[in-house]
Structures are given as structure tokens and as C-alpha cells.
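**Student:** This is the structure I have questions about; it appears just below.
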Amino acid sequence: MPYLLNLAYLFLLLVLSPWLAYKALTTGRYRRGWAAKLLGLVAHPLSVDDGRPVAWFHGVSVGEIHLLRSLVARFRERFPGWHCVISTTTDTGHDEAIKAFPDLAVIDWPLDFTWAVKTALGLLRPSLVVLAEGEIWPNFVWAAKRQGVKIAVVNGRMSPRSAARYARLRWLVRGLFSQLDLVAAQTDEYRSHFEALGAPHVVTTGNVKYDGVQTDRDNPRTRAMAELFGIEPGEVIWVAGSTQEPEERICLAIYAKARRLFPALRLIIVPRHRERFDEVATLLQASNVPFVRRSELQAPPSFHAVILGDTMGELSAIWGLADIAFVGGSLDGKRGGQNMIEPAAYGAAVLFGPHTWNFKDTVANLLAHQGAIRVADSNDLEAEILRLLGFANRRCELGEAAKRFVASQQGATAWTLDCLSRILAPEAERRAA
Numbered sequence: 002m003p004y005l006l007n008l009a010y011l012f013l014l015l016v017l018s019p020w021l022a023y024k025a026l027t028t029g030r031y032r033r034g035w036a037a038k039l040l041g042l043v044a045h046p047l048s049v050d051d052g053r054p055v056a057w058f059h060g061v062s063v064g065e066i067h068l069l070r071s072l073v074a075r076f077r078e079r080f081p082g083w084h085c086v087i088s089t090t091t092d093t094g095h096d097e098a099i100k101a102f103p104d105l106a107v108i109d110w111p112l113d114f115t116w117a118v119k120t121a122l123g124l125l126r127p128s129l130v131v132l133a134e135g136e137i138w139p140n141f142v143w144a145a146k147r148q149g150v151k152i153a154v155v156n157g158r159m160s161p162r163s164a165a166r167y168a169r170l171r172w173l174v175r176g177l178f179s180q181l182d183l184v185a186a187q188t189d190e191y192r193s194h195f196e197a198l199g200a201p202h203v204v205t206t207g208n209v210k211y212d213g214v215q216t217d218r219d220n221p222r223t224r225a226m227a228e229l230f231g232i233e234p235g236e237v238i239w240v241a242g243s244t245q246e247p248e249e250r251i252c253l254a255i256y257a258k259a260r261r262l263f264p265a266l267r268l269i270i271v272p273r274h275r276e277r278f279d280e281v282a283t284l285l286q287a288s289n290v291p292f293v294r295r296s297e298l299q300a301p302p303s304f305h306a307v308i309l310g311d312t313m314g315e316l317s318a319i320w321g322l323a324d325i326a327f328v329g330g331s332l333d334g335k336r337g338g339q340n341m342i343e344p345a346a347y348g349a350a351v352l353f354g355p356h357t358w359n360f361k362d363t364v365a366n367l368l369a370h371q372g373a374i375r376v377a378d379s380n381d382l383e384a385e386i387l388r389l390l391g392f393a394n395r396r397c398e399l400g401e402a403a404k405r406f407v408a409s410q411q412g413a414t415a416w417t418l419d420c421l422s423r424i425l426a427p428e429a430e431r432r433a434a
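Using my numbering, the letters of the sequence shown map in sequence onto residues 2 to 434.
What follows is the structure, given as C-alpha cells:
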């Protein structure tokens with residue numbers, strides 16, 4: 002089976018190579034780390050020969066790296082004798098990991114070829130691999146288990162769509178999921194999906210993302226953003242974050258109407274993907290709306306401007322400016338929504354579209370606690386934005402309800418660490434002996 006997978010991966014890589022080359026040339030993506038990814042030659046500044054065990058934490062991209070921040074910090078407090086290594090798959094995730102974990106080794110996740118994963122595992126020799134949310138690759142899992150490595154999925158999630166796809170291959174994937182030593186699932190529904198696929202040790206711990214969020218709008222990063230953007234008292238700030246095409250176009254059209262009625266309205270747009278920053282800047286230019294790019298802003302703008310957030314890793318701080326927060330990836334039915342926990346934790350009035358299956362449980366709870374508004378389409382979004390602009394009390398009620406809900410959900414990190422401690426107990430006893 003591993004060698005059949007190698008052939009399948011090679012075929013897929015060959016088919017995708019023209020597209021990868023095009024993206025590398027036009028967007029700058031997929032240029033870095035190919036030696037580490039293809040050959041498993043992970044570069045790391047730590048010594049794995051000093052007798053200390055190694056815990057390898059993996060997050061695919063920026064969102065998973067953010068959720069690992071609180072978990073890794075607490076892990077290091079509880080297990081001070083361990084080395085910790087962070088890996089990620091994407092360039093943006095790698096850059097964010099370096100900022101989030103400045104004193105830890107940050108490496109590239111190897112592609113799932115047998116030679117790459119064996120080499121990477123041999124160089125790091127981890128005792129524990131922690132996978133954020135569910136990045137499960139067969140060759141890596143099988144190679145790790147042959148070396149006696151404990152494998153845990155934390156903050157595990159599996160949408161009904163993914164569960165249905167796996168179910169069609171249940172005869173094939175049961176052997177893979179049975180190798181996992183722990184799945185700490187976000188919800189009971191996700192737990193049932195993992196159990197149905199053969200994972201033997203699954204517990205519901207809640208969502209770690211609730212623990213890692215900032216709730217204080219006066220935090221240094223948000224305060225610095227407010228000063229740089231020139232936000233004045235009395236202005237109402239609408240942040241449209243993690244947006245995808247055509248959501249920027251929709252938000253700009255609504256803003257043009259709303260600004261005539263509410264001159265104090267400011268709009269900050271933060272596209273989800275870096276490669277779309279120039280595209281959205283062109284859209285703003287064509288709309289004749291005064292705007293500035295965050296990447297070019299050295300001092301507060303001298304005019305009332307839309308802010309284009311064209312930097313990575315700053316949306317968390319920008320959400321702290323929002324009176325109204327539209328969470329993107331939720332209007333067109335292709336992406337399944339983005340993380341609405343951060344703006345909710347700040348107490349913003351949160352809105353999102355109808356397509357939020359990536360955050361099904363969070364959405365259901367926010368709506369049940371009257372801490373968010375789900376809009377059906379662009380017309381509904383316009384109506385709700387205008388209503389919230391006209392009724393400040395309604396904005397405050399939504400925000401306070403959202404903030405209370407987030408506070409009530411915290412504690413998943415501690416529970417997850419307790420579960421990790423239990424699977425590491427035999428390792429600790431062996432080393433003590």
C-alpha cells in the first residue's frame with residue numbers, strides 16, 4: 002500500500018506541476034522548502050541527542066497555527082523537559098509560525114512519500130506527534146507507528162461532507178484511523194464521525210480556538226492598528242475579514258450606500274488569501290473609493306479611506322477594531338465559512354452568510370445565544386448592515402451575547418492536555434525507569 006500511494010502521489014504531482022509552476026511565478030507561492038518536503042530533510046536548530054523527548058506539533062496553515070499557540074504554551078508548562086517542534090504546510094503558515102513561536106524550531110511538513118516521512122521522522126525522532134484538526138496522511142502515520150510514535154489529533158473536526166467521503170472508503174481507511182492513539186474532537190458529532198471510521202480512543206474536549214482568542218480591545222496590537230489607521234472617536238468600524246471573491250465587491254457596494262446615510266462609517270477589508278491582495282486593490286481602484294493599503298501605510302491617512310488589509314497575521318488584531326464584523330467565505334457556497342470566534346470574543350456584532358459548514362457547531366451556538374446574525378444573501382447582508390448602523394443598542398446586545406458565549410466555551414486546552422498526559426504516561430514511566 003505505501004508504494005502504491007507513492008505512485009499515486011507522483012502521478013498527482015506530475016499532473017499538478019504546470020499549475021504549481023504557474024502559481025510560483027505569478028504569486029510567489031510554492032517556491033520554498035521543496036528539499037524538506039520532497040526529501041524530508043527538515044532543518045532544525047535543536048539537538049535531539051540530549052536525551053529529551055520531542056513533541057512535534059503540526060498545523061496546516063495560519064488558522065491551525067493560531068489554535069496551537071495556547072496548546073503549545075500550556076504543553077511546555079506541563080512538560081518542561083520536552084523539546085517542541087512546529088511544522089506547517091503553507092508558506093503563510095510557516096511565516097505565522099515563526100512569529101507565533103520565535104524560540105521554537107519551525108519546519109516544513111514532508112510530503113507523504115515513504116522516503117520523505119521516514120527521513121523526517123529519523124531526523125527528529127519524536128515521541129509524540131500532535132496533528133491540529135485532522136491532517137492525517139497514511140504513509141506518515143504508518144511510518145510513525147512503526148517507530149513507536151504516539152499520534153494525537155487535537156481540536157479534531159470532520160464535516161459531514163468529509164465523513165461521507167471517508168465512509169465510501171471505510172474498508173481502506175479503518176486501518177489508518179485505528180493507528181491514532183488519541184482524537185480530541187471539538188464536538189460529539191465530530192467524535193461520532195471519527196469513531197465510525199475506526200479511531201479507537203476519541204473524546205469530546207471542545208474547541209481549543211475559544212481559549213486562544215483575545216478579548217481585550219485595548220491590547221497593544223489592536224491599539225497600534227487604531228492609531229495607524231487614524232480611527233477617530235465616534236467612527237463606526239465595519240471589518241469584512243477572510244473575504245473571498247465576490248464578497249469584496251458585495252461589501253463595497255453596501256458601503257457606498259451606507260456611507261451616504263452614515264458618514265462616520267469606516268470599512269476595513271481583509272481578503273483571506275495573500276495572492277488576491279492585488280486583485281482586491283484593483284477592484285477598489287475601479288470603484289473610485291478612496292483607499293489605502295495597509296502594507297504601504299506608515300502614518301494615519303489624511304483622508305477618510307477604506308483600509309485594505311494586505312498583510313498576513315494581523316486580522317486577529319484588526320477584529321478588535323470592529324463594531325460590525327462580516328466573516329467571509331460564507332456567501333458563495335464553495336468555502337464553508339471562516340473563523341467567527343475571534344470577532345465574537347471581542348464583542349463585535351458578527352454577521353456571516355448561509356454557508357458555514359466548517360464552523361457548524363460554533364454557528365449554531367452563536368445563533369442560539371443571539372450572538373450573531375446569519376444572512377441569506379447579499380441583499381440580506383445590506384439590510385442587516387443598515388439596521389445595525391441605525392441601532393447602536395442592537396450592535397451592543399449582539400456583541401455582549403457573543404462575548405459571553407465565547408467565555409462560556411473556554412477550557413478545551415486544559416482538557417486536551419489531560420488527554421495527552423494520559424497517552425504519554427507510559428513514555429514518562431519508561432524514561433523514569
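Just so you know, even glycine gets a beta-carbon here, dropped at the ideal spot from N, CA and C.
(1) Pick helix, strand or coil for S62, following the three-state DSSP scheme.
(2) Between which two residues does the beta strand (DSSP E) containing V155 stretch?
(3) Just to confirm my understanding: we take G60, look at its own chain, exclude 5 residues before and 5 after, and list those with CB closer than 6 Å. What are they?
(4) Going by C-alpha to C-alpha distance, which of W83, L72 and C252 sits closest to G52?
(5) Quick one: what does DSSP say F76 is sitting in, helix, strand or coil?
(6) From A393 to A117, what does the alpha carbon distance come to, in whole angstroms?
(7) Where does W110 land, buried or exposed, given buried means 16+ other C-beta within 10 angstroms?
(8) Could you round the C-beta distance between D362 and T188 to whole angstroms and report it? I think they count as a contact, below 8 Å.
(9) Please confirm if the segment 137 to 154 is in contact with the segment 96 to 106, defined as three or more CB-CB distances below 8 Å between the two stretches.
(10) For G337 and R162, I'd like the C-alpha separation in whole angstroms.
(11) With respect to the beta strand (DSSP E) encompassing D92, which residues constitute its N-terminal and C-terminal limits?
(12) So, for L284: in the same chain, excluding its five sequence neighbours on each side, which residues have a beta-carbon less than 8 Å away from its beta-carbon?
(13) CA-CA distance, L72 and G64?
(14) How would you write the range of the beta strand (DSSP E) that S88 sits in, first residue to last?
(15) Would you report the Cα separation of G231 and V290, rounded to the nearest angstrom?
(16) In terms of DSSP beta bridges, what is F292 paired with?
(17) Do I374 and L352 count as a contact pair if the criterion is CB distance below 8 Å?
(18) Considering only residues of the same chain and omitting the five flanking positions on each side of F263, which have a CB-CB separation below 6 Å?
(19) Judging by CA-CA distance, which residue of A121, A227 and R423 is the nearest neighbour of L302?
(20) Taking C-alpha atoms, which residue in E315, A241, M159 and L13 lies nearest to L382?
(21) Please determine, among A415, Y10, P344 and I108, the residue with the shortest C-alpha to C-alpha distance to R33.
(22) Is the segment 182 to 202 close to the segment 414 to 429, with three or more CB pairs under 8 Å?
(23) Do you know whose CA, among S160, V209, R166 and D219, lies nearest R192's CA?
(24) Note down the Cα distance separating A9 from W138, rounded to an integer number of angstroms.
(25) Compute the beta-carbon to beta-carbon distance between I342 and V214, rounded to the nearest angstrom, for a pair I have assumed lies under 8 Å.
(26) Just tell me which of H194, V55, V203 and S128 has its CA closest to the CA of V437.
(27) Could you tell me if W57 is buried or exposed, where buried requires 16 or more neighbouring beta carbons within 10 angstroms of its beta carbon?
(28) In chain order, what residues of the same chain have a beta carbon less than 7 Å from the beta carbon of E430, not counting five sequence neighbours either side?
(29) When the distance is taken between beta carbons, is P247 closer than 8 Å to D378?
(30) List, from N- to C-terminal side, the alpha helix (DSSP H) runs of 4 residues or more that fit wholly inside the segment 339 to 425.
(31) Is W57 helix, strand or coil by DSSP?
(32) Looking at the strands, I want to know which residues DSSP matches up with L1.
(33) Give every residue of the same chain whose Cβ lies closer than 8 Å to the Cβ of R388, excluding the five residues on either side of it in the sequence, and list them in chain order.
(34) On the CB-based measure, 16 or more other CB atoms within 10 Å of its CB, does R166 come out buried or exposed?
(35) For F80, does the count of other Cβ atoms within 10 angstroms reach 16, so buried, or fall short, so exposed?
(36) Tell me which same chain residues have a C-beta within less than 6 Å of the C-beta of D217, skipping the five on either side of it?
**Tutor:** With the given structure in hand:
(1) coil
(2) K151 to G157
(3) I66, L69, T89 and A133
(4) W83
(5) helix
(6) 56 Å
(7) buried
(8) 5 Å
(9) no
(10) 11 Å
(11) Counting along the chain, D92 falls outside any beta strand (DSSP E), though it belongs to the alpha helix (DSSP H) covering D92 to A101.
(12) E249, R250 and L253
(13) 13 Å
(14) H84 to T89
(15) 17 Å
(16) V307
(17) yes
(18) L390
(19) This sequence places Pro at residue 302; Leu is not what is there. Here the closest residue by C-alpha is A227.
(20) A241
(21) I108
(22) yes
(23) S160
(24) 13 Å
(25) 6 Å
(26) Past the boundaries of the shown model lies residue 437; the chain is included only from 2 to 434, so the question cannot be answered.
(27) buried
(28) Note that E430 has pLDDT 46, beneath the 50 cutoff, so the model's placement of it is unreliable and no number is given.
(29) no
(30) 342 to 347, 361 to 369, 379 to 391 and 393 to 409
(31) strand
(32) Nothing can be reported for residue 1: it is not among the residues displayed for the chain, which extend from 2 to 434.
(33) R395
(34) exposed
(35) buried
(36) none
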